[in-house]
Amino acid sequence: MKFFKTIMICGLLGLHTPAFADSLYDDLGGKDALVRITERLVELTFNDPRTAHQFKQTKRDRLTNLLVDQFCELTGGPCKYKGVNMKKSHIKLGITENEFNALVEQLQQAMDEEGVPFHTQNKFLALLAPMKRDIVER
């Protein structure tokens, strides 16, 4: 409904908007919200015994910045992800399905704490889901 109101108002004012003015990036709350979600995700991941061991050699700030850019770009935001692809960055880490699922739970918790609606969380997780085949090795 918000989208159609925006289109109608812009049309009345003679303004032009792109056909997809709203994005998942906006639904998630934009860059500031993505930063908060990602910082919380990284905190949970580094402190959860199910996943912490996988991040012993990882620089927390670097990981957070890469994830923010990746999430931002993937959801239609203005950022550009400059990291390597998922397959290359996770090769030989031996990540299990249980570890992957734990990280998904952590992401859901971070989004819940940020107040992201369930349907928006599902859209975001659906975008991330195909990465599983490049991350899980066993």
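Numbered by my numbering, the letters in the sequence shown go through residues 75 to 212 in order. Ideal Cβ positions, reconstructed from N, Cα and C, are used throughout, including at glycine. Model, not experiment: these values are computed from the prediction.
Other residues of its chain near Leu118: CB distance less than 7 Å, five sequence neighbours each side excluded: Position 44 of the sequence shown, counted from the first residue, corresponds to residue 118. Same-chain partners within the cutoff: Gln180, Gln183 and Ala184.
Cut-off 8 Å between Cβ atoms - residues of its own chain near His164, not counting five sequence neighbours on either side: If you number the sequence shown from 1, residue 164 lands on position 90. Once the five neighbours on either side are set aside, the close Cβ partners of His164 are Asp208, Ile209 and Glu211.
Arg136 burial status per 10 Å Cβ neighbour count (16 or more: buried): Looking up residue 136 in the sequence shown gives position 62. Exposed, since its Cβ has fewer than 16 Cβ neighbours within 10 Å.
Cβ-Cβ distance between Leu108 and Leu115 below 8 Å: Locating residue 108 in the sequence shown gives position 34, counting from the first residue. Locating residue 115 in the sequence shown gives position 41, counting from the first residue. Result no, Cβ atoms of Leu108 and Leu115 do not sit closer than 8 Å.
Beta-carbon gap between Ile169 and Gln144 smaller than 8 Å: Along the sequence shown, read from residue 1 onward, the residue named residue 169 stands at position 95. Along the sequence shown, read from residue 1 onward, the residue named residue 144 stands at position 70. Not closer than 8 Å, so no.
Assigned exposure category for Ala203 - 16 Cβ within 10 Å defines buried: Here residue 203 refers to the residue found at position 129 of the sequence shown. The residue in question, Ala203, is exposed, as its Cβ has fewer than 16 Cβ neighbours within 10 Å.
Whole-angstrom distance between Arg124 and Thr112, CA atom to CA atom: Here residue 112 refers to the residue found at position 38 when the sequence shown is read from its first residue. Here residue 124 refers to the residue found at position 50 when the sequence shown is read from its first residue. Computed Cα separation, rounded: 18 Å.
Test item: CB-CB of Val178 and Leu201 under 8 Å: Numbered from its first residue, the sequence shown carries residue 178 at position 104. Numbered from its first residue, the sequence shown carries residue 201 at position 127. Going by C-beta atoms, Val178 is not nearer than 8 Å to Leu201.
Leu141 burial status per 10 Å Cβ neighbour count (16 or more: buried): The residue given as residue 141 occupies position 67 in the sequence shown. Looking at its Cβ environment, which holds 16 or more other Cβ atoms inside 10 Å, Leu141 is buried.
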